[in-house]
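Down below is the structure, laid out as C-alpha cells.
Number of protein chains: 2
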Amino acid sequence: MTGNLVSALTPAHLRFLEGLFPGEGLVTDPAAMAVYGADSSRRSAMPWAVVRPKGEEQIVELLKWADAERVPLVPRSRGTGMSGGAVPAFGGIVVSCLWMNRVLDVDADDFAAEVEPGVVTAEFQALVQKHRLFYPPDPASIKMSSLGGNVATCAGGMRAVKYGVTREYVLGVRAVLPGGRIVNAGGRTHKNVVGLDLTRLFTGSCGTLGVFTKLTLKLLPLPESSATVLAAFPSLHDCLAGARGVFRAGILPTAMEFLDAKACWAISQIREVPWPKDTTQAVLVLKVDGGRETMAAELSRLERALAPSGPLCLFQGLGPEEEEPLWELRRLVSPAGFHLGVDKLGEDVAVPRGKTAQAVDGFQAIGREFDTHVVCYGHLGDGNTHVNIFYDAKDPDQAARAVKCKEAVFRLTLSLGGTLSGEHGTGITKGPYVSWQLGENERAVMAGIKNVFDPNGILNPGKGWS
Amino acid sequence: MTGNLVSALTPAHLRFLEGLFPGEGLVTDPAAMAVYGADSSRRSAMPWAVVRPKGEEQIVELLKWADAERVPLVPRSRGTGMSGGAVPAFGGIVVSCLWMNRVLDVDADDFAAEVEPGVVTAEFQALVQKHRLFYPPDPASIKMSSLGGNVATCAGGMRAVKYGVTREYVLGVRAVLPGGRIVNAGGRTHKNVVGLDLTRLFTGSCGTLGVFTKLTLKLLPLPESSATVLAAFPSLHDCLAGARGVFRAGILPTAMEFLDAKACWAISQIREVPWPKDTTQAVLVLKVDGGRETMAAELSRLERALAPSGPLCLFQGLGPEEEEPLWELRRLVSPAGFHLGVDKLGEDVAVPRGKTAQAVDGFQAIGREFDTHVVCYGHLGDGNTHVNIFYDAKDPDQAARAVKCKEAVFRLTLSLGGTLSGEHGTGITKGPYVSWQLGENERAVMAGIKNVFDPNGILNPGKGWS
C-alpha cells in the first residue's frame with residue numbers, strides 16, 4: 064500500500080514546504096507536531112511535518128507536488144475521530160484544515176450554507192440557528208469536531224432517527240485531488256441527479272479520495288420547540304418493548320436512546336439519578352420536536368405509547384430548559400464508565416434495529432465470558448449501539464481479554480447482519496477487521512475507485528478498505 | 064464509447080440466450096420487443112433481444128457472457144423513466160427485471176425490507192402500510208414505476224421536502240457486475256460507515272454500473288394522520304412569500320407544491336376549480352403529517368404562517384379523504400397542460416430554493432421570447448420545478464422553438480447555480496447537455512469509476528456522463 068511512496072522527507076522536500084507554507088504555516092518541531100498526530104482513538108504517530116493551508120491555492124500546489132514526489136498526506140481538522148482515521152500511522156505530512164474555518168455563506172431562502180472544512184460543528188449550528196435554520200447532525204463530539212471531519216467520517220449522532228446522518232445534509236463537496244485537480248461534486252440544490260453521486264462518495268471516505276476545500280450543506284427550518292421523556296424499566300426487554308410501542312404509534316422521534324443496566328449503575332455512581340436504583344435495568348430517553356403548541360400533546364402520546372410496556376417511572380421535559388437535565392444523565396454515561404476501568408475500547412457497532420435486544424444480551428454475555436466490563440448504550444432508534452469495554456491497560460491479561468471481547472462483539476454483530484461501525488468509521492483501530500465484513504469483490508471495487516482519485520496512493524495511506 | 068462492442072447479435076449469441084432464457088424468458092419478436100424499447104420520454108429504439116431473468120443466477124451467467132462477448136445490455140423494469148435512460152438507443156439486449164418482482168421480506172422491527180428490483184413502488188407502499196410502516200419516496204409514476212427503476216434514477220417526488228428522495232431509503236444494493244461479479248453494497252443497518260459508500264453510488268447510476276438483484280430499503284413508522292392546505296395568490300411572489308412564511312415558522316411540511324398562472328389556467332379548463340379564476344396567479348399546496356390529535360393545530364399554524372402573504376382564499380383538508388380533492392387538482396396539471404399543445408418537453412430542473420421566483424419568472428419570459436407555452440409547477444419546497452414546454456411536433460417551426468426554449472431554460476437554470484435534473488436523470492434526452500453542467504474533471508472521475516465497474520462498457524452504453 065505504501066510501496067511507491069517515500070519513507071521520509073528530504074531537505075529538498077522541506078524547502079518546498081517552507082516556500083509554500085511560510086511562517087507558522089509549516090510546523091516541524093516535534094513538540095508542536097505531536098498534537099497533530101493523535102486523535103480521540105488515543106492512538107498517535109508523529110507526523111513528518113504539519114502544514115496549515117489558508118486556502119485552496121496552497122492545497123492545489125501541495126497536491127501537485129505530493130503526487131509527483133510520492134509524499135503521503137493525511138488530511139485532518141479537529142482530530143476528534145474515534146478510530147484513528149486522522150492519525151498518520153503509516154507516515155506522511157499532516158494537512159491541518161484548522162485555518163480554513165470560514166463560514167462563507169448562510170442562506171435562509173436556499174436553506175443552504177457554504178463552509179470551509181475547519182468550521183466547528185456546534186459553532187456552525189449556533190450561527191445558523193440565529194437565522195432560524197437547523198443543521199441536524201449531532202455527533203457526540205459536536206462542540207469540538209469540524210464539519211470537514213464530520214463529512215469525512217459521515218458522522219452520525221442522536222438525531223439520526225428522524226433526521227438522518229451527515230450524508231443527508233451534504234449537497235456539495237469541492238475537493239482537491241492528487242495532482243491538483245479540483246472536483247466540484249453536487250451543488251447547491253436540494254435535488255440533483257446529474258452524474259454519479261460523487262458527493263456521497265466523498266462523504267465517509269475518510270480523507271482517502273481528496274482534500275475538501277468547501278462543503279455545501281443542507282439546512283432545515285428550525286423546529287419551534289421540543290420535548291423529552293425519560294423512562295426507566297425493570298428489564299432491557301421492557302425498554303425495547305417501550306421503544307416498539309412508540310414506533311407502532313406512528314411516532315418518529317428525533318432521538319431514541321437507551322442505557323443498559325451497567326450504564327445506569329455507572330451513572331448512579333457519579334450523580335443523583337431519578338430512577339429507582341435497585342430495580343432499574345434499562346433507561347429509555349426520547350426526544351420529539353415540532354410546533355410549540357403541539358408539544359404537550361406529543362408528550363401525552365409518548366406516555367400513552369410507553370404505558371403498556373410498564374415503565375417503573377417516567378419523567379417529562381417540555382422545552383430545552385426542562386429537557387437538559389434528562390439529556391445530561393444520558394451524556395454522563397461516557398465519563399461515568401471510567402468507574403469500571405481506566406481504559407476503554409469504544410465500539411460503535413450497528414445491527415438491524417429489531418436485533419438490538421439479542422445483540423445487547425449477547426454483548427453482555429460476552430463481557431461475562433471474558434470477565435470484562437461491557438457497557439451498552441446509545442442510539443436505539445437506529446440500532447447503533449455503543450459497546451464500551453473498560454479495562455486496565457497496565458494489566459496485560461486484562462488488555463488481552465478486552466481485545467478478545469471486542470473481537471467477539473464484532474463476530475456477534477456480523478452474525479446478526481450488522482456492521483462494525485455505525486458512525487466512527489474504521490480508521491486504524493478497525494482496519495484489521497474490515498475484511499470480516501466486506502467481501503473480496505466489494506474491496507476490489509473500492510480499491511479501484513480509490514485508484515481513480517488517487518492513483519499513487521498518497522492520501523491517508525493505510526486507511527482504505529482493501 | 065461503443066468502440067469495442069459488437070454491433071449486432073450473431074446466431075451463436077442467440078443460441079446462447081435461448082439456452083440461458085428458455086421459453087418466454089427470451090423475446091426476439093419485434094412486435095413483442097417494441098414495448099421494451101420505449102419509456103415515458105416517448106423515445107424508443109428496437110432492442111436486439113429482450114431477456115427476462117427469473118433470478119440472480121441467470122443474471123450472473125448473462126453478465127459473464129456479455130462481458131466476454133462485448134454485448135451491450137440495457138437493464139430495465141417498468142420503463143416509466145422520463146429521460147430515456149432505459150431506451151436502448153445505442154443498441155443492445157434489454158434485460159427486463161419484471162419477473163424479479165418478489166418482496167422478500169418486510170420487517171416491522173428492523174424497519175427494513177428486502178425486495179427484488181421489479182416490485183411496483185405503490186404496491187410495495189401499500190404492503191408495508193399494512194404493517195404500519197411507511198416508505199416515503201413518491202415519484203409521480205409511483206403506481207407504475209418499480210423500486211429498481213426508482214433506485215437506478217434516485218427518484219424524487221413531492222414528499223422529498225420532509226423525507227428526502229429515494230437515496231435516503233436505500234440501505235443496501237446487491238448487484239451483478241460485468242463478468243458476473245456479485246457486489247453487496249451496504250446492508251440492513253440504518254447506520255453504516257464501513258467502506259466507501261457504494262450503496263449511494265449505485266443509486267442514480269442509471270444501470271451503468273451493475274444489474275440490481277436485491278434492494279434493502281429503509282422504512283419509517285407510518286404517520287398517524289396528515290392534513291393539507293391549498294391557498295391561491297394574486298402573484299407568484301406572494302405565493303413564494305407564503306412558502307417562506309411557513310418555513311420561517313419552523314414548519315417542515317411533508318410536501319410544498321406550487322402551480323404557476325398557466326398551470327392554474329390549464330387546470331381550470333378541465334375541472335371546476337375552487338380558486339377565483341380571474342385573480343389567481345399562483346397556487347400553493349402544502350401537506351403536513353403527524354399525530355391525529357395535533358393535526359388541527361398544525362392546520363391553524365399553517366394558516367397563521369400563510370396569512371401575512373395575503374392569500375386570496377385558502378382551503379383545508381384534514382385526513383386523506385378531505386385532502387384528496389386538493390391533491391387531485393395539483394395532479395391534474397400534467398394532463399391539463401396538453402390543452403396548450405399536443406406535444407411536451409417535460410423538464411425537471413432544480414435551482415437553489417431561494418432562486419425559484421427568479422427562475423420561474425425567467426422561464427416564463429423565455430416562453431414568451433420563443434412564443435411557446437411554458438407551464439411551471441412542482442416541488443417548490445426543494446426548488447425542483449417542472450418546466451413543461453407544450454408544442455405541436457408536426458409543426459417543424461414550433462418543434463425547433465421548443466428545443467431552443469428548453470436550451471434557454473437550461474442556461475438560465477445553470478446561471479442560477481441549478482441543476483439540469485432534479486429527479487428524472489439525464490438518460491438520452493439530457494445526455495447532450497451534461498457537459499454544460501459537469502466539468503472535465505468531474506466527468507473524468509465518473510468515467511474512471513464506470514471503468515472500475517464495467518471496463519468493457521457493456522452496461523447501458525451512451526447513458527454515462529463522460
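Chains A and B are the protein sequences, given in the same order. When we follow the working numbering, the leftmost residue of the first sequence carries the number 64, and every step to the right adds one. When we follow the working numbering, the leftmost residue of the second sequence carries the number 64, and every step to the right adds one. Using N, Cα and C, we set each Cβ at its ideal position, and we do this for glycine too. Since this is a predicted model, take the numbers as computed values, not measurements.
Environment of residue i [buried if 16+ CB atoms lie within 10 Å]
i	result
Gly441 (chain A)	buried
Val405 (chain B)	exposed
Glu384 (chain A)	exposed
Ser103 (chain A)	buried
Ala563 (chain B)	Residue 563 (chain B) is absent from the model: chain B starts at 64 and stops at 529.
Arg165 (chain B)	exposed
Arg139 (chain A)	buried
Phe180 (chain B)	A small correction: the amino acid at residue 180 (chain B) is Pro; Phe does not occupy that position in the sequence shown. Burial call: buried.
Ala329 (chain A)	buried
Ala75 (chain B)	exposed
Gly382 (chain A)	exposed
Met64 (chain B)	Below a pLDDT of 50, predicted positions are generally treated as unreliable, and Met64 (chain B), at 44, falls in that range; no measurement from the model is reported.
Asp411 (chain A)	buried
Thr435 (chain B)	buried
Thr419 (chain A)	buried
Where residue i falls: helix, strand or coil (DSSP)
i	result
Lys467 (chain A)	helix
Phe265 (chain A)	helix
Ile245 (chain B)	strand
Pro339 (chain B)	coil
Lys225 (chain A)	helix
Ala318 (chain B)	strand
Thr216 (chain B)	helix
Ile521 (chain A)	coil
Ala238 (chain B)	strand
Gly409 (chain A)	strand
His194 (chain A)	coil
Asp352 (chain B)	strand
Ala456 (chain A)	coil
Val123 (chain B)	helix
Residues sharing a beta bridge with residue i, DSSP
i	result
Ala95 (chain A)	Answer is none; Ala95 (chain A) lacks a bridge partner.
Ala75 (chain A)	None, per the DSSP bridge assignment.
Ala176 (chain B)	B:Val169 and B:Leu280
Gly442 (chain B)	Before going further, note that residue 442 (chain B) is His rather than Gly in the sequence given. Looking at the DSSP assignment, His442 (chain B) forms a beta bridge with B:Asn447.
Phe296 (chain B)	B:Ala345
Ile429 (chain B)	Paired residue(s): none; Ile429 (chain B) is not in a bridge.
Val32 (chain B)	Only positions 64 to 529 of chain B appear in the structure, and residue 32 (chain B) is not among them; the question remains open.
Leu375 (chain B)	Answer by DSSP bridge pairing: none, since Leu375 (chain B) is not bridged.
Pro383 (chain A)	DSSP, once it has assigned bridges, lists no residue as partnering Pro383 (chain A).
Arg139 (chain A)	A:Ser159
Ser209 (chain B)	B:Val183
Proximity of residue i and residue j at Cβ, strictly below 7 Å
i	j	result
Ala108 (chain A)	Val69 (chain A)	no
Thr291 (chain A)	Ile122 (chain A)	no
Lys350 (chain B)	Ala318 (chain B)	yes
Gly148 (chain B)	Gly490 (chain B)	yes
Phe321 (chain A)	Pro374 (chain A)	no
Leu167 (chain A)	Glu177 (chain A)	yes
Ile156 (chain A)	Trp128 (chain A)	no
Lys469 (chain B)	Ile452 (chain B)	yes
Thr279 (chain A)	Arg251 (chain A)	yes
Val256 (chain B)	Gly488 (chain A)	yes
Arg141 (chain B)	Gly212 (chain B)	yes
Heavy atom of the ligand FMN within 6 Å of residue i beta-carbon
i	result
Glu361 (chain A)	Within the structure as shown, the ligand FMN is missing, as the structure has no ligands at all.
Contacting positions in the stretch 264-282 of chain A - beta carbon closer than 7 Å to chain B: Leu264, Thr266, Gly267 and Ser268
Contact residues within the stretch 165-182 of chain A, judged by C-beta distance below 7 Å to chain B: Asp170, Asp172, Asp173, Phe174 and Ala175
Residues within the stretch 211-238 of chain A neighbouring chain B, beta-carbon criterion of under 7 Å: Thr216, Cys217, Gly219, Ala223, Gly227, Val228 and Glu231
Contact set between the stretch 239-262 of chain B and chain A, restricted to residues whose Cβ is under 8 Å from the partner: Leu240, Arg244, Ile245, Val246, Asn247, Ala248, Gly250, Arg251, Thr252, His253, Lys254, Asn255, Val256, Val257, Gly258, Leu259, Asp260 and Leu261
Against chain A: residues of the stretch 426-446 of chain B by CB proximity under 7 Å: Asp445 and Gly446
Residues of the stretch 473-491 of chain B with Cβ closer than 8 Å to any Cβ of chain A, in chain order: Gly480, Gly481, Thr482, Leu483, Ser484, Gly485, Glu486, His487, Gly488 and Thr489
Chain A contacts from the stretch 406-418 of chain B (Cβ-Cβ distance under 8 Å): Ala413, Val414, Pro415, Arg416, Gly417 and Lys418
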